Every structure is written in structure tokens, then in C-alpha cells.
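Structure, as C-alpha cells:
In our numbering, the protein residues as written are 5 to 323.
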């Protein structure tokens, strides 16, 4: 398959760059980076470069926690879009796909396009494209057909969403790509929504795995939706927060999170509710393990029998 006529596409890209549109168009700014910073030719015909098998294994090992957390979400996303001729790719922070899902009948086509594990899809190598441009801009985006920098990629439609790890650092990209000519705008919007939800599930799973020993608190947004996740340890200190939670709580995403009392950070009813819920759960577990014996439960918790009785009364726990 071939994209737009290379010379026609190249002339269009160069004209847009020369017109100064880069100042007001994110797409043209990406074209400009591809041309001026990375010295790529939009009419270039070379296929995407590939890592060696050893290099790909090393890349997968570097993001092993992300790979493990992404499996379920990638499976579900593929089930939703695979029958429509799309493949699902998980790329690392360098723009290299390290895992994928695709219909076996489409594998030859996607492999010929370089939409395969180990291919180099950074802007430095492939110019403007879903994965590479998402790595640079770190925002959800779609690069549709002739928005690609290389003419040979202008039959592709690529929707990409950034993924952030448990420390709110950029970790990789979830991408849905198609080379179907009949992909409509409405279907593209549905893909963007599905990919965004899948990325959130991956981030949540990655966060829960990283803080498996902590209580996970949902942080609401102004519209009542869950904005992110916060990890609270046994001492009621917030020890982790997802990027969306940090943004909602006014914590700079790029800074290391120092432990802070949950009541100080969360405040109001949400802190009281979750802290009370956590203490109640601790008391109930201690009682169950002690077979309902208050003295034994108090000893296990390291408090006096009188203190435990007061707490049981406060939380209305029968024993």
C-alpha cells in the first residue's frame, strides 16, 4: 500500500512549516521538529528501523511492571477494536512498541508498516506519528492519515494516549492504529475514548501493584467523578498519588512526593471517612484473629484493653 504521492505531501508539509503556522498549530510544530530538528525528509521511503531481539528484550525488562499491569486492559481494548482492523500497541517512553495485539489475518500488513514490537516510532526516527508525537507532547492525540510527516505513513490513523507510572512520571504510550480507508471520524472518537479509559485502567493497576500494602483512596473531582488514587499507609500518611490525583490536590506532578498526613492533604469529609474506615477495618481484623477476645486483640494491637473498648464503642463494633 502507498500513502499520498511523496512529492505532493512533502511540498504541503514544507509549505506549512514555511508559513509560520508552527506557532499556532501543534501539528505543524511537530512537522517542524521532524524537519528542522531531526532533519527528516517527508518524502523519504525507508521503512521504520527495528531493535534487535536482544535490545527488545532489554526494553521490555526495563518496563516490566508496566507490561504486567497493561495486559488485561490491552486485551479488553483489542476485543473492542480488533475486529475493525485496528491493532493495539504499548510503547515505552522512547516510542518503541514492546507489546501488541492484532488480528492474525492483519499481521502481515501491520508488520510491513512497522506497526510491530521493536520498531522505532519516535519523532526522531519517524517524524510526526501517534506514538512519537505523544512521547514528545505527553497528551492524548490522534494523527490521522496525511497528518503524518512521512508520505509513506499517510494511510495510517493512529490514536495515542500517554501512560503515567505510580510516581506520576511519564512511562509509555498506549496506541490504537488502523490503515483502513473507511475509518470514520465517529469511530475515531470512540477509539479515543476507549484508549483513554484503557490507559486509566493501566495506571490504576500499576499504582495498586506498587502500593499493594497500602489503603487506596479515590479522590473526587469537582464534577463528582473519581479524579485519581492516593495510597495511605498504616500510619495514615499519604505515601503515593497518581498524576490525576496530584493535579487535583495541587501537588506538582514532577516532584517527589514526601509522606504527608492524610488529614492534612485530603481534608474534610473524605479524610475523616477514609481514616475512620481504615481504623474500623484494623479493629475488626484484630478481633476476628483473636476469636472475639478483646484482651488478646488489645495485646496484638499494642493498646490497653480500656483503649480498645473505647475504640470499639466509638466505631460501634460489637464483640
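We treat Cβ as the ideally placed atom computed from N, Cα and C, and that holds for glycine.
This one's a predicted model, so the numbers in the text were calculated from it and none came from an experiment.
If you compare the alpha carbons of 124, 82, 86, 106 with that of residue 98, the shortest gap goes to 124.
Under the rule that a run must span 3 or more residues, the beta strand (DSSP E) segments found entirely inside the segment 228-312 read 230-236, 241-245. Taking a contact as a CB-CB distance under 8 Å, the pair residue 152 and residue 158 counts as one, their CB atoms being some 5 Å apart. Note that the C-beta distance between residue 179 and residue 155 is not below 9 Å. Between residue 137 and residue 34, the C-beta spacing is below 9 Å. Each residue's CA atom was taken as its position, placing residue 268 and residue 91 some 45 Å apart. DSSP places residue 56 in the coil class of the three-state scheme, outside both helix and strand.
For the pair residue 207 and residue 239, the CB atoms are not nearer than the 9 Å cut-off.
Rounded to whole angstroms, residue 219 and residue 311 show a C-alpha spacing of 24 Å. Taking the CA atoms as reference points, residue 57 sits about 16 Å from residue 96.
The DSSP-derived three-state label of residue 97 is coil.
Residue state for residue 10 is assigned as helix, using DSSP reduced to three classes. When DSSP reads this structure, residue 164 sits in a beta bridge with 145, 179. The C-beta of residue 12 has fewer than 16 other C-beta atoms within 10 Å across all chains shown, which makes the residue exposed. Nearest to residue 93 by C-alpha distance, out of 83, 87, 106, 43, is 106. In the same chain as residue 122, and ignoring 5 residues on each side of it, the C-beta atoms closer than 6 Å to its own belong to 54, 55, 60, in chain order. The residue among 139, 221, 150, 191 with its C-alpha nearest the C-alpha of residue 9 is 150. Residue burial is scored here from C-beta neighbours: residue 171 has at least 16 other C-beta atoms within 10 angstroms and is therefore classed as buried. Partner residues in a beta bridge of residue 206, as assigned by DSSP, do not exist. Per the DSSP secondary-structure output, residue 104 pairs in a beta bridge with 93. By the beta-carbon neighbour count (other beta carbons within 10 angstroms, threshold 16), residue 134 is buried. Considering only 190, 284, 253, the residue with the shortest C-alpha distance to residue 318 is 284.
In this structure, the beta-carbon distance from residue 126 to residue 100 falls below 9 Å.
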